[in-house]
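A.B. asks: Have a look at this one.
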Amino acid sequence: MRVKYVLNEVLVGLWRNVTMTVAMIITMSVSLTMLGASVLMYLQVDRMKDFYYGEIEVSIFLADNVTEGQIAAIEGKIKSDPLVKESNHETKEQALERFKVLYQDSPDFVAAVNADSLPESFRVKLKNPEDYDSFAKSLDGEPGVQRIIDQRELLQKVFNIFNSVQLMSLVVAAVMAFAALLLVGNTIQVAAYSKRREVAVMKLVGASNWFIQAPFVLEAVVAGLIGAILGFVALFIGKIVLLDNKLQALTAILTPVPNGNVWLMLPLLAGVGALVSAVTAWVTLRFYLKV
Numbered sequence: 001m002r003v004k005y006v007l008n009e010v011l012v013g014l015w016r017n018v019t020m021t022v023a024m025i026i027t028m029s030v031s032l033t034m035l036g037a038s039v040l041m042y043l044q045v046d047r048m049k050d051f052y053y054g055e056i057e058v059s060i061f062l063a064d065n066v067t068e069g070q071i072a073a074i075e076g077k078i079k080s081d082p083l084v085k086e087s088n089h090e091t092k093e094q095a096l097e098r099f100k101v102l103y104q105d106s107p108d109f110v111a112a113v114n115a116d117s118l119p120e121s122f123r124v125k126l127k128n129p130e131d132y133d134s135f136a137k138s139l140d141g142e143p144g145v146q147r148i149i150d151q152r153e154l155l156q157k158v159f160n161i162f163n164s165v166q167l168m169s170l171v172v173a174a175v176m177a178f179a180a181l182l183l184v185g186n187t188i189q190v191a192a193y194s195k196r197r198e199v200a201v202m203k204l205v206g207a208s209n210w211f212i213q214a215p216f217v218l219e220a221v222v223a224g225l226i227g228a229i230l231g232f233v234a235l236f237i238g239k240i241v242l243l244d245n246k247l248q249a250l251t252a253i254l255t256p257v258p259n260g261n262v263w264l265m266l267p268l269l270a271g272v273g274a275l276v277s278a279v280t281a282w283v284t285l286r287f288y289l290k291v
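Reminder that position 125 of the sequence shown reads as 125 in full-length UniProt numbering, one-by-one numbering, no gaps.
This is the structure:
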């Protein structure tokens with residue numbers, strides 16, 4: 001009987017303050033969508049780092065006047081280094097072929113370049129890309145070595161941009177979450193005020209605070225869960241419509257977002273939405289019932 005009463009009061013309360021309930025749901029869904037997007041961004045940046053760092057090469061460009069003996073010495077030093085996973089010696093002719101593939105859409109540019117314009121090099125993959133400094137130091141000053149370039153430095157700039165976007169989305173989500181908290185608190189206060197006489201009577205007859213608070217707290221929880229579901233739907237539709245279709249070429253470069261990560265957002269957003277709404281409603285009612 002008590003459960004039936006509580007559930008009935010929840011439905012009545014949601015319908016009685018329908019405009020504020022809708023506003024609370026919309027605000028909660030927007031803030032949870034931003035939270036889910038920022039979490040997905042965080043997971044995706046880590047996934048991209050694991051993928052691209054595994055493909056990173058250290059390019060060792062050789063001087064134009066390098067001798068065969070110096071090349072053999074450099075190659076022997078590279079192959080004997082325990083930090084090296086694999087290495088490949090690229091001649092000028094091979095560098096030109098690579099250049100033609102990279103710039104095949106610019107035939108005039110390709111025609112202006114010949115093998116002598118490109119340096120001979122070694123392409124090295126390290127077991128751990130973080131060991132670049134130690135590896136570079138071992139070849140620093142080696143005769144015939146002109147320059148050593150770590151591709152990780154170029155990728156790090158890209159990841160710094162993604163990290164900034166990730167931080168910005170978290171800040172926006174935090175601001176929206178704060179707005180949602182205020183709206184939840186105000187909605188519960190209005191609902192409690194509209195039923196102030198019923199609450200007073202229930203307190204006089206000895207009803208516990210939990211029994212009085214339960215309908216209001218569940219109202220907030222239901223609104224939070226609906227907002228979480230709407231936020232998840234927005235994320236899923238955004239992935240299908242944008243990332244899997246219109247921006248598919250971009251995701252091929254940045255690595256695709258797995259569906260498993262998107263589905264992971266449903267319990268996460270539902271848990272956060274329900275917990276935040278319940279705690280906010282409970283704290284608001286604690287102050288109200290003390291009056």
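For every residue, glycine included, the Cβ atom is placed at its ideal position computed from N, Cα and C.
1) Counting C-beta neighbours from all protein chains within 10 Å, is the total for P107 16 or more, i.e. buried, or is it exposed?
2) What does the alpha-carbon distance come out to for the pair P267 and G273?
3) Going by DSSP in three states, V113 sits in which element: helix, strand or coil?
4) Can you list, in chain order, the residues of its chain whose CB lies under 8 Å from that of A109, leaving out five sequence neighbours each side?
5) Helix, strand or coil, according to DSSP, for N261 in the structure here?
6) So which of Q189, N65, S169 has the shortest CA-CA distance to Y42?
7) Quick check: what's the CA-CA separation for N261 versus L40?
8) Report back the beta-carbon spacing between M28 and A173 to the nearest angstrom; my notes put them in contact at under 8 Å.
9) Out of L83, D116, P119, D140, which one is the CA nearest neighbour of N128?
10) Going by alpha carbons, who is nearest to N160 out of M48, V190, V30?
11) Take T284 as the anchor and find which of T19, V190, Q94 has the nearest alpha-carbon.
12) Measure the alpha-carbon distance for T33 versus A23 and round it to whole angstroms.
C.D. replies: To lay it out plainly:
1) Within the sequence shown, residue 107 is the residue found at index 107, counting from 1. Exposed: under 16 other Cβ atoms inside 10 Å.
2) Residue numbering aside, residue 267 sits at position 267 when the sequence shown is read from its first letter. Residue numbering aside, residue 273 sits at position 273 when the sequence shown is read from its first letter. Going by the C-alpha atoms only, they are around 10 Å apart.
3) Position 113 of the sequence shown, counted from the start, is the residue given in the question as residue 113. V113 falls in the coil class under three-state DSSP.
4) The sequence position of residue 109 within the sequence shown is 109, counting from 1. Inspection of the sequence shows that residue 109 is occupied by Phe rather than by Ala. Only Y103 meet the Cβ criterion.
5) Counting from one through the sequence shown, the residue named residue 261 turns up at place 261. Helix.
6) One-based indexing of the sequence shown puts residue 42 at position 42. Taking only the C-alpha atoms, the option nearest Y42 is S169.
7) The count along the sequence shown starts at 1 and reaches residue 261 at position 261. The count along the sequence shown starts at 1 and reaches residue 40 at position 40. When rounded, the distance between both Cα atoms is 7 Å.
8) Position 28 of the sequence shown, counted from the start, is the residue given in the question as residue 28. Position 173 of the sequence shown, counted from the start, is the residue given in the question as residue 173. That belief does not hold up - the Cβ atoms of M28 and A173 are roughly 12 Å apart, past 8 Å.
9) Position 128 of the sequence shown holds residue 128. Checking every option, the nearest Cα to that of N128 belongs to L83.
10) The sequence position of residue 160 within the sequence shown is 160, counting from 1. Checking every option, the nearest Cα to that of N160 belongs to M48.
11) As a working mapping, residue 284 is identified with position 284 in the sequence shown. Comparing Cα-Cα distances from T284 to each of T19, V190, Q94, the minimum goes to V190.
12) Your numbering for residue 33 matches position 33 in the sequence shown. Your numbering for residue 23 matches position 23 in the sequence shown. So the two alpha carbons sit approximately 15 Å from each other.
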